[in-house]
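Quick mapping for you: the protein sequence lines, in order, are chains H and A.
Going by the working numbering, the first residue of the first sequence is number 4, and it counts up by one from there.
Going by the working numbering, the first residue of the second sequence is number 986, and it counts up by one from there.
We treat Cβ as the ideally placed atom computed from N, Cα and C, and that holds for glycine.
In this text, all values refer to a predicted model and were calculated from it rather than measured experimentally.
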Amino acid sequence: MNDLLPPGRRSIPEQRRRRMREKLDAEIEPTTTNRTHSLGQRFGIPAVAAAAVAAIAIGGYLLATNGGDDGRDADPAGQGTGVTHDGTGPERHESKEHGSKEHGSNTDSKGLVSTPVADPSQAYEKCIDLTVNAYRLRGEPIDGPLTGRLAIENEVGTTVVVTSSSDAYTCNIKPDEAVSRPAPLDGKVDEEDLWFALNATGNVLPGNEGDMVWVGGEAPDGVTGIQYAFPDGHTETAVVQDGFWALQYYADGTIPSGRGDRIEATLDGADAQTIELPFTFNTECNQVSHGC
Amino acid sequence: MAGHGPRTKAEWATAVRSDPHGSFGLLFEQHAETIYNYCFRQTASWDVAEDLTSTVFLEAWRSRDRLIVEHDSVLPWLYGIASNVCRRQRRTLFRRVRALRRLPADAVQPDPADAVAGRVDDERRMTEVLAVIDRLPVGERDVVALVVWEGLDYQATATALGIPIGTVRSRLNRARRRLSTSLATPHIEEQP
C-alpha cells in the first residue's frame, strides 16, 4: 500500500521562488501596459469601460470592440434547425454559399480515413450533452439550444461540431470526451478558430501514448478546404460540409511540439492563406476540458 | 490586497483589473508551493517541477478570463492547468524516463552541485511510484493524483479536470481495480 505514496512535500527554494515571481510579474507587466484593452473582453466588462481603462491603447480598444459580442453575426447559421437538446431528428443545415463542397478522403499515419458519420444523431446528442455539462460546470452560459452540424469519424476517433445561436463548439467524443471553447459564428477567418485540442490517448487506448488532435467549427466565408500540416510530416485534410468543418489526426506516438515546432493550417478558397500555429498552451489547448 | 483576497469570480475580475500584480501575486504566494509539489509528483524531478510551476502561473495569467472558482477557491482551476502542463511535459519526458529506467540504478548519478540528498531520494522514490502509476490510463492517473495524493474531493477534481463528477468516481474505481491487480493498492477512501 505504501508503495504508491509519494514523498513528503517540500518548500520551493527561496531564490527560485523569487525568480518565479519575477517571471510572473514580467509577464503581467506588458499586458497591463500594452494590452489593458483586453481585460474588459476577458471578464465581460462593457467595451466602453474597458476602453476607459485603456484609453492609451486605442488600437487595442478597436480590437476589443470588434471582437466582442457586437461583432458576431446577427443571423447565425442554422438557428433552430437540426438536432437540438432532445437529440431528435438530424436535419440538414441549410447549405451556405461556401459550404457545400465536401472533402474528407484523407489518411493519417495509421491509414485511418475520417469521413462524415452516416447517421450523426447519436454523435450530436453525445456532443450536446458533453457541451451542456462542461459549460454548466464552468458556470458559463450557452446561447440557446445546441444544434448538431457535422460529425466525422474514423476507427480511432469521432469529432463533432454543434452550434448555439452565436457560437460553434467542437467535441471529441471518441476516444476521449472533451469540448472546445466557443468560436463565434461570424464567418471570419480568425486564427483563434484554428486553435486545436491535443489529447493523449493513453486513457482510452491503454498502453498507447499517442496524440489525438481534433478541431472544427464553422467554415469561414469563402473557405472550401482546410489542411493541417503537422511537424511529424503528416498532412490532414479537414472534412468540410455544409458550412462546417472538422479535422482529427491520430498520431501513433508523440507529435513534436517543442518551441520551434509549428502546425501549418492552410485555408483554400477565396481567401486562401496559410497560418502558422506554434504549440502553446492556447493553440494546443482549445478545449474547456483537461484543465485547459 | 487585504485579508484573504478575492473569493468569487466577480471579485477576481475586479481584483485583476484594479491590481493585476497584487491579485496574481497573492494567487502565487498562496498556491505556488501546492502546485510545485503536485508538479513534482507528476514528473519526479524537483527541477522540472520548478519550471512547470512557473509555467502554470504564467498560463493562469494568460487564461485569467477562464478562471474558475470552486467553493471560494481557485486551487482546483490551478490544478487543472497544472495537470495539463505536466501532461505535456510528461510527453516530452516519456522517452527520457524510459531510457533512464533501463539504466542500472547506480548509473544515474546526480549532479554534484544539486546533490542534496533528500531531494535525490525524493526523486528516486517518486520515479518508482510513477513507474506503477504510469501503467494507468492518463485519465485515471490524473484522478488518482488529485484525489489520493492531493486530497481533493470529487467535485474539486471534476472541476480541475473538466469532467463530470460521475466520471471521477468511475475512473477512481477503475484505477483501484487495476492497481489491485498489479502491485499494490493505495488506500483510496470512499467519499460520500
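Inter-residue CB distance, residue i and residue j (contact presumed, cutoff 8 Å)
i, j, result
"A/Val1059", "A/Leu1012", "7 Å"
"H/Leu149", "H/Ser167", "6 Å"
"H/Gln251", "H/Val226", "So it is not a contact: roughly 18 Å between Cβ atoms."
"H/Ala254", "H/Asp224", "Their Cβ separation, rounded to whole angstroms, is 31 Å, which puts H/Ala254 and H/Asp224 out of contact at 8 Å."
"H/Gln18", "H/Pro119", "At roughly 56 Å, the Cβ-Cβ gap does not stay under 8 Å, so H/Gln18 and H/Pro119 are not in contact."
"A/Arg1156", "A/Glu1108", "Between A/Glu1108 and A/Arg1156 the Cβ distance is about 27 Å, and since that is not below 8 Å, they are no contact."
"A/Ser1048", "A/Leu1146", "Actually they are not in contact, since the Cβ atoms of A/Ser1048 and A/Leu1146 sit about 15 Å apart, beyond 8 Å."
"A/Ile1053", "H/Arg141", "6 Å"
"H/Ser124", "A/Ile1148", "With a Cβ gap of about 24 Å, H/Ser124 and A/Ile1148 do not count as contacting."
"H/Ala171", "H/Ala186", "5 Å"
Residue burial classification, residue i (beta-carbon count within 10 angstroms, cutoff 16)
i, result
"A/Asp1050", "exposed"
"H/Arg12", "exposed"
"H/Thr277", "exposed"
"H/Thr39", "Bear in mind that a pLDDT of 28 at H/Thr39, under 50, signals an unreliable position, so the number given afterwards is only what the model happens to contain. Buried, because 16 or more other Cβ atoms sit within 10 Å of the Cβ of H/Thr39."
"A/Glu1044", "buried"
"H/Gln290", "buried"
"H/Ala50", "Any reading at H/Ala50 is ruled out, since the residue's pLDDT is 33, under 50, leaving its predicted position unreliable."
"A/Ala1029", "buried"
"H/Pro79", "Annotation note: pLDDT 27 at H/Pro79 (below 50); position unreliable, coordinate value reported separately. When all chains shown are included, H/Pro79 counts as buried."
"H/Val116", "exposed"
"H/Arg139", "exposed"
"A/Glu1135", "buried"
"A/Thr1040", "buried"
"A/Glu1035", "buried"
"H/Ala58", "Confidence at H/Ala58 is low in this model, with a pLDDT of 31, below 50, so its placement is unreliable and no value can be given for it."
"A/Ser1008", "buried"
"H/Gly236", "exposed"
"H/Gly114", "exposed"
"A/Thr1142", "buried"
"H/Thr240", "buried"
"A/Ala957", "Nothing about residue 957 of chain A can be read from this structure; chain A reaches only from 986 to 1177."
"H/Glu32", "exposed"
"H/Ala121", "exposed"
"H/His88", "Unreliable placement is indicated for H/His88, whose pLDDT of 35 sits below 50; no coordinate value is reported for it."
"A/Glu1014", "exposed"
Residue j beta carbon less than 9 Å from that of residue i
i, j, result
"A/Trp1179", "A/Thr1144", "Limits of chain A in this structure are 986 at one end and 1177 at the other, which puts residue 1179 of chain A out of reach."
"A/Tyr1064", "A/Tyr1023", "yes"
"A/His1016", "H/Asp28", "no"
"A/Thr1038", "H/Ile15", "yes"
"H/Tyr127", "H/Gly151", "yes"
"H/Trp248", "H/Glu221", "yes"
"H/Glu180", "A/Thr999", "no"
"A/Gln1140", "A/Gln1074", "no"
"A/Asp1138", "A/Arg1072", "no"
"H/Glu287", "H/Leu188", "no"
"H/Leu153", "H/Val218", "no"
"H/Val163", "H/Lys129", "yes"
"A/Phe1025", "A/Val1033", "yes"
"A/Arg1110", "H/Pro234", "no"
"A/Trp1031", "A/Arg1104", "yes"
"H/Asp274", "H/Val192", "yes"
"H/Leu8", "A/Leu1164", "no"
"H/Arg24", "A/Gly1010", "yes"
"H/Ile266", "H/Phe284", "no"
Check: residue i C-beta below 8 Å from any heavy atom of the ligand COA
i, result
"A/Leu1164", "Looking at this structure, you won't find the ligand COA or any other ligand, since it has none at all."
Return the chain-ordered ranges of every beta strand (DSSP E) run that is complete within the region 110-192 of chain H and spans a minimum of 3 residues. Assignment of beta strand (DSSP E) within the region 110-192 of chain H, counting only whole runs of 3 or more residues, yields 150-156, 161-166, 170-177 in chain order.
Between the region 268-282 of chain H and the region 217-236 of chain H, do at least 3 Cβ pairs fall closer than 8 Å? Output reads yes: the region 217-236 of chain H touches the region 268-282 of chain H.
Closer than 8 Å is the cut-off here; do at least three beta carbon pairs connect the region 151-168 of chain H with the region 190-198 of chain H? These segments do not touch.
If we count Cβ pairs, one from each stretch, closer than 8 Å, do we get three or more for the region 1109-1129 of chain A versus the region 1149-1165 of chain A? Short answer: they touch.
When you compare the region 171-181 of chain H with the region 126-138 of chain H, are there three or more beta-carbon pairs, one atom per stretch, that lie closer than 8 Å? Proximity of the region 171-181 of chain H to the region 126-138 of chain H meets the contact definition, three or more beta-carbon pairs being nearer than 8 Å.
Below 8 Å, can you find three or more Cβ-Cβ pairs linking the region 989-1001 of chain A to the region 252-261 of chain H? Not touching, per the Cβ criterion.
Any chance you could list the alpha helix (DSSP H) runs of at least 4 consecutive residues sitting entirely within the region 1007-1077 of chain A, in chain order? Fully enclosed alpha helix (DSSP H) runs of 4 or longer: 1031-1047.
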